[in-house]
Amino acid sequence: MGSSAAISLTNMFSKEAAYKELIREAGELVETRAGDLQGTVKGDINKIFENLAKGGKKHPSGAVKLSDGTTIIKYVRTSTGNNAIYINTAAKQAYKITVIQ
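Every position in the sequence shown, counted from 1, becomes a number in this note's numbering once 14 is added.
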């Protein structure tokens, strides 16, 4: 499981740096059958997502597109019921980061 330092992401300056830091905080990532990489962090999903989304273009679906082309969305994982953030980078690598309290 990842670190509890994800809460510190609320003080990040760059949105690109913030989502990359979130991915690092998730620790060792596991690849899914679909090729997504998934991990877990501890923190407040709403604060983390709000920080990541600042300055991005919000879509009606709830997704936010960042200035570098990365798309993020907050959702509930159907397999576990846990909150998560889906990150699809401009390079087309997808991450599923579960956020637990």
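By construction, the Cβ of each residue, glycine as well, lies at the ideal position given by its N, Cα and C atoms.
Who does residue i pair with in a DSSP beta bridge?
i: Q52; result: V44 and K110
i: N97; result: V90 and V113
i: T85; result: K79 and N102
Would residue i be called buried (16 or more neighbouring beta carbons within 10 Å of its own) or exposed?
i: E39; result: buried
i: N60; result: exposed
i: G69; result: exposed
i: Y109; result: buried
i: V78; result: buried
i: G57; result: buried
Please state whether DSSP places residue i in a helix, a strand or coil.
i: F27; result: No answer about F27 holds up, because its pLDDT of 44 lies below 50 and its placement is not dependable.
i: K72; result: strand
i: I21; result: Because I21 carries a pLDDT of 42, less than 50, the predicted location of this residue cannot be relied on, and the following value inherits that uncertainty. Note: I21 maps to helix in three-state DSSP.
Please confirm whether residue i and residue j have their CB atoms less than 7 Å apart.
i: T54; j: T94; result: no
i: D82; j: A104; result: yes
Nearest CA to the CA of residue i: which residue from the options?
i: Q107; options: D50, A67 and F63; result: D50
i: A32; options: E42, A67, N102 and V90; result: A67
i: H73; options: T46, Y109 and T85; result: T85
i: K88; options: E64, S81, A104 and V44; result: E64
i: G76; options: K34, G41, A48 and I99; result: I99
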